[in-house]
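Colleague: Position in the sequence shown (first residue = 1) + 791 = the working numbering. Dropping the structure in here first, questions after.
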Amino acid sequence: MAQTHQTRAQRMLQARYVQLRDHKSEHISVEEALKMRIEVTGLDLESLSSAFFRPLTSKYFASYPVLAKTKEAIEREEPTMFKVREYNAAAAALVSTSWERMQWSPASCTGDITNTLDNFIWHLPRQNAPEGLGCSLANFSIWSPADTPALVGKARYLNDPPLSDRTSRLDSMFQVEEYTYPHVVMTLKNYTRQPASDGVLLRHELAYIVRAMQLRLEEGYFDQDQPQPVLLLSFMAPQHGRVLEAHIEGSSKILIKCSRLYSFEKNEDAPFELFYRWLLADPVGMTPCEPKPEE
792 MAQTHQTRAQ RMLQARYVQL RDHKSEHISV EEALKMRIEV TGLDLESLSS
842 AFFRPLTSKY FASYPVLAKT KEAIEREEPT MFKVREYNAA AAALVSTSWE
892 RMQWSPASCT GDITNTLDNF IWHLPRQNAP EGLGCSLANF SIWSPADTPA
942 LVGKARYLND PPLSDRTSRL DSMFQVEEYT YPHVVMTLKN YTRQPASDGV
992 LLRHELAYIV RAMQLRLEEG YFDQDQPQPV LLLSFMAPQH GRVLEAHIEG
1042 SSKILIKCSR LYSFEKNEDA PFELFYRWLL ADPVGMTPCE PKPEE
């Protein structure tokens, strides 16, 4: 049952959300974020773990190798199933029709990344899958889609102008099955045409993180003093992505670790495996709760 009395952490999150809503630019520097009591440091995706998420390991993948022949058969039918359309800067600069502009828009380019990422976790068949659970990584992971009636699923929508889902949109949102951990994982498509850069955050990245934290605490199922970890895979123009890990520190500020930007412009270099290692990472850093009873 959602609780009504606001804790110090909830009041802090509401204050951060209002600051983000009223911020004049989509881009927020690390220094500007710090003034909002959002502290940003680096995140090394190639490391073995972070404070609250442990990415899937090579040993884990070795236990569930890809069914190579089945993958080949899928690719014969759908050659682009596990590939993005490679970004062509020259073609994007020369667009002259509305159809061409749509094809090279941030919505199209980021959507291509998230669609391909979804195909890797939902439709790439693996050996040794647990019986009865499907044969893709997402089928037998600890994560399940955070959809209604889960209150946290409402974080998909930002309906407070000038924050809106016209500038960006959550593509997917996951929570731990049976509510044994409060952790939340999301993938975000940013539609702003101005490219982001390392050391500069996007207002909507932070807004979706804060909103997910707010709604999870509002649910009232987990301890109100817990750090409420959130992992965000964020994709943006021209065809890039990064990962942000966030949590509440001492009920008074938000700590965010942010990776460098990675290019998904060329299939040869696109780091899909690295990103879905994190997308399906194990929740860590907290003691698991008893499974939530079915309602």
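We put the CB at the ideal spot given by N, CA and C, even for glycine.
By the three-class DSSP mapping on this structure, what secondary structure does residue 1053 have?
Modeller: Indexing the sequence shown from 1 puts residue 1053 at position 262. Strand, per DSSP.
Colleague: Considering just the uninterrupted stretch of the alpha helix (DSSP H) at residue 822, what are its terminal residues?
Modeller: By 1-based counting over the sequence shown, the position of residue 822 is 31. Start and end: 821–826.
Colleague: Are residue 1087 and residue 817 touching if we call contact CB-CB under 8 Å?
Modeller: Outside the displayed range of the chain (792 to 1086) lies residue 1087, so it cannot be described from this structure.
Colleague: Whole angstroms are fine: how far does the CA of residue 882 sit from the CA of residue 888?
Modeller: The residue labelled residue 888 in the question sits at position 97 within the sequence shown. The residue labelled residue 882 in the question sits at position 91 within the sequence shown. The alpha-carbon atoms of residue 888 and residue 882 are separated by roughly 12 Å.
Colleague: Let me make sure I understand the geometry here. Which of 946, 984 and 957 has the alpha-carbon closest to that of residue 1006?
Modeller: Taking the first residue of the sequence shown as position 1, residue 1006 is located at position 215. The residue with the shortest Cα to Cα distance from residue 1006 is 946.
Colleague: Less than 7 Å between C-beta atoms, sequence neighbours within five positions excluded: which residues of the same chain meet that for residue 804?
Modeller: Locating residue 804 in the sequence shown gives position 13, counting from the first residue. 1001, 1004 and 1005, listed in sequence order.
Colleague: If distances are taken between C-alpha atoms only, which option among 1011, 1076, 1014 and 997 comes closest to residue 1034?
Modeller: Counting from one through the sequence shown, the residue named residue 1034 turns up at place 243. Residue 997 is the option with its Cα nearest to residue 1034.
Colleague: Could you round the C-beta distance between residue 979 and residue 999 to whole angstroms and report it? I think they count as a contact, below 8 Å.
Modeller: The count along the sequence shown starts at 1 and reaches residue 979 at position 188. The count along the sequence shown starts at 1 and reaches residue 999 at position 208. At roughly 6 Å, the Cβ-Cβ gap stays under 8 Å, so residue 979 and residue 999 are in contact.
Colleague: What is the rounded straight-line gap between the Cα of residue 855 and the Cα of residue 929?
Modeller: The residue you call residue 855 lines up with position 64 of the sequence shown. The residue you call residue 929 lines up with position 138 of the sequence shown. Rounded to the nearest angstrom, the two C-alpha atoms are 12 Å apart.
Colleague: Does the Cβ-Cβ distance between residue 877 and residue 1058 come in under 8 Å?
Modeller: Here residue 877 is taken as the residue at index 86 of the sequence shown, counted from 1. Here residue 1058 is taken as the residue at index 267 of the sequence shown, counted from 1. Closer than 8 Å, so yes.
Colleague: Here's the rule I'm using: 16 or more other beta-carbon atoms within 10 Å means buried, otherwise exposed. How should residue 884 be labelled?
Modeller: Here residue 884 refers to the residue found at position 93 of the sequence shown. Under this definition residue 884 is an exposed residue.
Colleague: Starting from residue 934, follow its DSSP beta bridges and name the residues at the other end.
Modeller: Here residue 934 refers to the residue found at position 143 when the sequence shown is read from its first residue. 967, per the DSSP bridge assignment.
Colleague: What residues match up with residue 833 in a beta bridge as DSSP calls it?
Modeller: Within the sequence shown, residue 833 is the residue found at index 42, counting from 1. Answer is 1049.
Colleague: Between residue 798 and residue 1019, is the Cβ-Cβ spacing less than 8 Å?
Modeller: On the sequence shown, position 7 is the one that residue 798 refers to. On the sequence shown, position 228 is the one that residue 1019 refers to. The answer is no: Cβ separation not under 8 Å.
Colleague: Rounding to the nearest angstrom, what Cα-Cα distance links residue 1054 and residue 1032 in this structure?
Modeller: Taking the first residue of the sequence shown as 1, we reach residue 1054 at position 263. Taking the first residue of the sequence shown as 1, we reach residue 1032 at position 241. Roughly 7 Å between the two C-alpha positions.
Colleague: Do the segment 897–904 and the segment 832–846 touch if we need at least three Cβ pairs shorter than 8 Å?
Modeller: The segment 897–904 is not in contact with the segment 832–846.
Colleague: Which residues in the same chain have their Cβ closer than 8 Å to the Cβ of residue 902, if we skip the five residues on either side of it in sequence?
Modeller: Here residue 902 is taken as the residue at index 111 of the sequence shown, counted from 1. The residues are 962 and 980.
Colleague: Less than 6 Å between C-beta atoms, sequence neighbours within five positions excluded: which residues of the same chain meet that for residue 846?
Modeller: For the purposes of this step, residue 846 is taken as the residue at position 55 of the sequence shown. So the qualifying residues of the chain are 1068, 1069 and 1072.
Colleague: Between which two residues does the beta strand (DSSP E) carrying residue 980 extend?
Modeller: On the sequence shown, position 189 is the one that residue 980 refers to. First-last of the beta strand (DSSP E) with residue 980: 975–981.
Colleague: Please tell me whether residue 920 and residue 931 are closer than 8 Å, where the distance is taken between their beta carbons.
Modeller: The residue labelled residue 920 in the question sits at position 129 within the sequence shown. The residue labelled residue 931 in the question sits at position 140 within the sequence shown. Yes, the Cβ-Cβ distance between residue 920 and residue 931 is below 8 Å.
Colleague: For the structure I just gave you, are there three or more beta carbon pairs, one from the segment 866–873 and one from the segment 1039–1048, closer than 8 Å?
Modeller: Touching, no, given that fewer than three Cβ pairs across the two stretches are closer than 8 Å.
Colleague: Kindly give me the distance between the Cβ atoms of residue 1063 and residue 907, rounded to whole angstroms, as I take these residues to be in contact under 8 Å.
Modeller: As a working note, residue 1063 is residue 272 in the sequence shown. As a working note, residue 907 is residue 116 in the sequence shown. Their Cβ separation, rounded to whole angstroms, is 7 Å, which keeps residue 1063 and residue 907 in contact under 8 Å.
Colleague: Go ahead and label residue 796 buried or exposed: buried means 16 or more other beta carbons lie within 10 angstroms of its beta carbon, across all protein chains shown.
Modeller: Reading the sequence shown from its first residue, position 5 is the one you call residue 796. Result: exposed.
Colleague: Determine the extent of the beta strand (DSSP E) in which residue 902 is found, giving its start and end residues.
Modeller: By 1-based counting over the sequence shown, the position of residue 902 is 111. Run containing residue 902: none in the beta strand (DSSP E); it sits in the alpha helix (DSSP H), 897–913.
Colleague: Look up residue 875 in the DSSP assignment and say whether it is helix, strand or coil.
Modeller: Here residue 875 refers to the residue found at position 84 when the sequence shown is read from its first residue. Three-state DSSP puts residue 875 in coil, outside helix and strand.
Colleague: Would the beta-carbon of residue 1075 fall within 8 Å of that of residue 843?
Modeller: In the sequence shown, the residue the question calls residue 1075 occupies position 284. In the sequence shown, the residue the question calls residue 843 occupies position 52. Yes, Cβ-Cβ distance for residue 1075 and residue 843 is below 8 Å.
Colleague: So for residue 1027, helix, strand or coil by DSSP?
Modeller: Along the sequence shown, one-based indexing puts residue 1027 at 236. Reduced to three states, the DSSP call for residue 1027 is strand.
Colleague: Curious, which full-length beta strand (DSSP E) runs of at least 3 residues does the segment 983–1018 contain?
Modeller: Fully enclosed beta strand (DSSP E) runs of 3 or longer: 991–993.
Colleague: I think residue 936 touches residue 861, with their Cβ atoms under 8 Å apart; what is that distance to the nearest whole Å?
Modeller: Position 145 of the sequence shown, counted from the first residue, corresponds to residue 936. Position 70 of the sequence shown, counted from the first residue, corresponds to residue 861. Their Cβ separation, rounded to whole angstroms, is 24 Å, which puts residue 936 and residue 861 out of contact at 8 Å.
Colleague: Looking only at C-alpha atoms, which of 924, 965 and 820 sits nearest to residue 939?
Modeller: Within the sequence shown, residue 939 is the residue found at index 148, counting from 1. When only C-alpha atoms are compared, the closest one is 965.
Colleague: So, helix, strand or coil for residue 844, using DSSP?
Modeller: Taking the sequence shown and counting its residues from 1, the one referred to as residue 844 is at position 53. DSSP places residue 844 in strand when its eight states are reduced to three.
Colleague: Helix, strand or coil, according to DSSP, for residue 944 in the structure here?
Modeller: The count along the sequence shown starts at 1 and reaches residue 944 at position 153. Reduced to three states, the DSSP call for residue 944 is helix.
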